[in-house]
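Participant:
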């Protein structure tokens with residue numbers, strides 16, 4: 014779905030990512046790699062294939078859009094170092110000409126040397142013209158802010174008291190909060206504000222509600 018922010022076109026992707034066509038940038042929030050291994054270490058059973066699923070989805074997204082740059086809005090890696098970080102290193106090696114920028118989130122706690130990779134950079138926030146990229150939502154006097162962290166969702170109610178909670182893009186006048194990309198992430202159900210726009214992601218489509 015196409016939206017326009019500050020005279021700039023963006024595409025809300027059903028893969029729970031944002032595409033900026035004029036600069037060929039892919040923007041993704043909250044992948045939470047390493048969470049499956051973190052759960053298993055804590056004695057919580059997680060299917061083995063869930064470790065690879067987010068990486069497969071990310072790889073398909075990269076190949077379908079062929080971005081020049083990828084902006085990761087924090088919580089790339091969920092916990093302390095585990096073997097899933099090697100999957101991400103191999104993933105980066107398969108896209109040597111693409112720059113990845115990690116805007117650090119509260120879960121990005123690996124030692125500094127782990128992030129020292131050829132096409133990878135890390136910063137607290139990142140500014141690009143009229144836009145600012147942050148992990149946590151924030152307001153800026155001049156710039157429009159893109160963030161993650163919240164894992165936004167909306168609950169829909171049916172006639173038979175059925176309820177369905179789905180991830181969404183939350184777009185307000187001064188900022189956009191992206192849905193969490195990672196499969197093993199929960200939802201924070203939003204109270205809707207009539208001044209804001211909400212775009213649900215469901216079954217391969219994005220729909221405004």
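Residue numbers (the numbering used here): 14 to 222. From the three backbone atoms N, C-alpha and C, an ideal C-beta is built for every residue, glycine too. Because the structure is a prediction, the values reported are computed rather than measured.
1) Quick one: what's got a C-beta closer than 6 Å to residue 88's C-beta in the same chain, skipping five residues either side?
2) Would you mind listing the beta strand (DSSP E) stretches within the region 23-49 that are 3+ residues and don't spill past its ends, in chain order?
3) Measuring straight from C-alpha to C-alpha, what distance separates residue 38 and residue 82?
4) Exposed or buried, residue 28, counting other C-beta atoms within 10 Å across all chains shown (16 or more means buried)?
5) Please confirm whether residue 213 and residue 184 have their CB atoms less than 7 Å apart.
6) For the 8 Å Cβ check, are there 3 or more pairs between the region 98-107 and the region 195-205?
7) So the alpha helix (DSSP H) residue 104 belongs to, where does it begin and stop?
8) Smallest Cα separation from residue 220: which of 32, 26, 112, 22?
Facilitator: Once the coordinates are examined:
1) The sequence position of residue 88 within the chain shown is 75, counting from 1. Within the same chain, residue 88 has close Cβ partners 43, 45, 118, 120.
2) As far as the region 23-49 is concerned, its whole beta strand (DSSP E) runs of at least 3 residues are 30-33, 38-41.
3) Taking the first residue of the chain shown as position 1, residue 38 is located at position 25. Taking the first residue of the chain shown as position 1, residue 82 is located at position 69. The alpha-carbon atoms of residue 38 and residue 82 are separated by roughly 5 Å.
4) Working through the chain shown from its first residue, we reach residue 28 at position 15. So residue 28 ends up on the buried side.
5) Counted from its first residue, the chain shown places residue 213 at position 200. Counted from its first residue, the chain shown places residue 184 at position 171. No; because the gap between Cβ atoms is not below 7 Å, this pair is not in contact.
6) No, the region 98-107 is not in contact with the region 195-205.
7) Mapped onto the chain shown, residue 104 falls at position 91. Here the alpha helix (DSSP H) through residue 104 covers 97-106.
8) Numbered from its first residue, the chain shown carries residue 220 at position 207. Comparing Cα-Cα distances from residue 220 to each of 32, 26, 112, 22, the minimum goes to 26.
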